[in-house]
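S.K.: Count along the sequence shown starting at 1, add 5, and that's the number in the working numbering.
Before I ask anything, let me first share the structure, which is written out below as structure tokens.
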Amino acid sequence: SARFTGRDQALAWFDAERENLMATAHTTPQAGLDLSFALGPYLKWRHRLQDHVVIRALALDACTKLKDTQNK
Numbered sequence: 006s007a008r009f010t011g012r013d014q015a016l017a018w019f020d021a022e023r024e025n026l027m028a029t030a031h032t033t034p035q036a037g038l039d040l041s042f043a044l045g046p047y048l049k050w051r052h053r054l055q056d057h058v059v060i061r062a063l064a065l066d067a068c069t070k071l072k073d074t075q076n077k
């Protein structure tokens with residue numbers, strides 16, 4: 006797997022893949038939960054507040070469906 010050499014390279018990758026990652030988060034409850042943890046800090050950093058609300062809602066829904074009270 007590729008590694009990023011720094012923050013700028015990682016942010017550029019997230020910028021390029023954000024739409025794909027958001028779409029993937031909608032595929033299964035587990036994907037929504039996992040990607041909410043991965044995307045949350047990035048979305049806040051980039052001030053993508055609408056996407057942040059969506060990903061957090063997916064995570065909450067996933068916790069309910071998966072009966073995951075620890076992350077809820």
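No residue lacks a Cβ here, since even glycine has one placed at the ideal position from N, Cα and C.
Since the structure is predicted, the reported quantities are computational estimates derived from the model, not experimental observations.
Taking DSSP as the reference, what is the three-state secondary structure of asparagine 76?
M.R.: The answer is coil: DSSP assigns asparagine 76 none of H, G, I, E or B.
S.K.: Going by DSSP, what residue range makes up the alpha helix (DSSP H) through phenylalanine 42?
M.R.: Unbroken alpha helix (DSSP H) run through phenylalanine 42: 34-50.
S.K.: If you check the beta carbons only, do leucine 16 and alanine 30 fall under 7 Å apart?
M.R.: Going by C-beta atoms, leucine 16 is not nearer than 7 Å to alanine 30.
S.K.: With a CB to CB cut of under 6 Å and the five nearest residues on each side skipped, what residues in its chain are close to glutamine 75?
M.R.: For glutamine 75, where only same-chain residues beyond five positions count, there are no Cβ hits under 6 Å.
S.K.: Count the other CB atoms, across all protein chains shown, that sit within 10 Å of the CB of aspartate 56; report buried if there are 16 or more and exposed otherwise.
M.R.: Flag for aspartate 56 reads buried.
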